[in-house]
Amino acid sequence: ALGQKRQLVEPDLADASDVEEHDEKRPRAEEADAPSVPEEYTLAELKKAVYTEVCKSLEYSVTVDDICVHIEDRAIVSQAIQLLEDEMRIMHSEGEVYLVDG
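Next comes the structure, spelled out in structure tokens:
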């Protein structure tokens, strides 16, 4: 699960030129690269992926829509975000996700 999570994050770093040109190109590229990922994800793996994306963000917060963009079932992404918030690892407010310090 840890290896899968990192594979999903690394293309963002490699495709920095796409991100600078137009943020919407990145999610579509990931969807094309990993069409079978949503069926294979367990909730625990998805929680790890969400947490990693929030941790690796250089911004103060990450919008919910920008987290795990390759997962079409947004309800399970929301569920993973809620579980992480319940564990006090992140904070979710008004469509933004923040990393909780400490």
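Quick note: the sequence shown uses this note's numbering, first residue 6, plus one each step.
Idealized CB from N, CA, C, for every residue including glycine.
{"Query": "Straight-line Cα distance separating Leu48 from Ile81", "Result": "7 Å"}
{"Query": "Those runs of the alpha helix (DSSP H) which lie wholly inside the region 59 to 96 and span at least 4 residues", "Result": "79 to 91"}
{"Query": "Buried/exposed call for Cys60, threshold 16 Cβ in 10 Å", "Result": "exposed"}
{"Query": "Delimiting residues of the beta strand (DSSP E) encompassing Tyr103", "Result": "Glu101 to Leu104"}
{"Query": "Simplified DSSP assignment, three categories, for Leu51", "Result": "helix"}
{"Query": "Below-8 Å beta-carbon distance, Val82 vs any chain D residue", "Result": "Of the protein chains in the structure, only one exists, and it is not chain D."}
{"Query": "CA-to-CA distance, Val69 to Lys83, given in whole angstroms", "Result": "Per the sequence presented here, residue 83 reads as Ser, with Lys not at that position. C-alpha separation (whole angstroms): 8 Å."}
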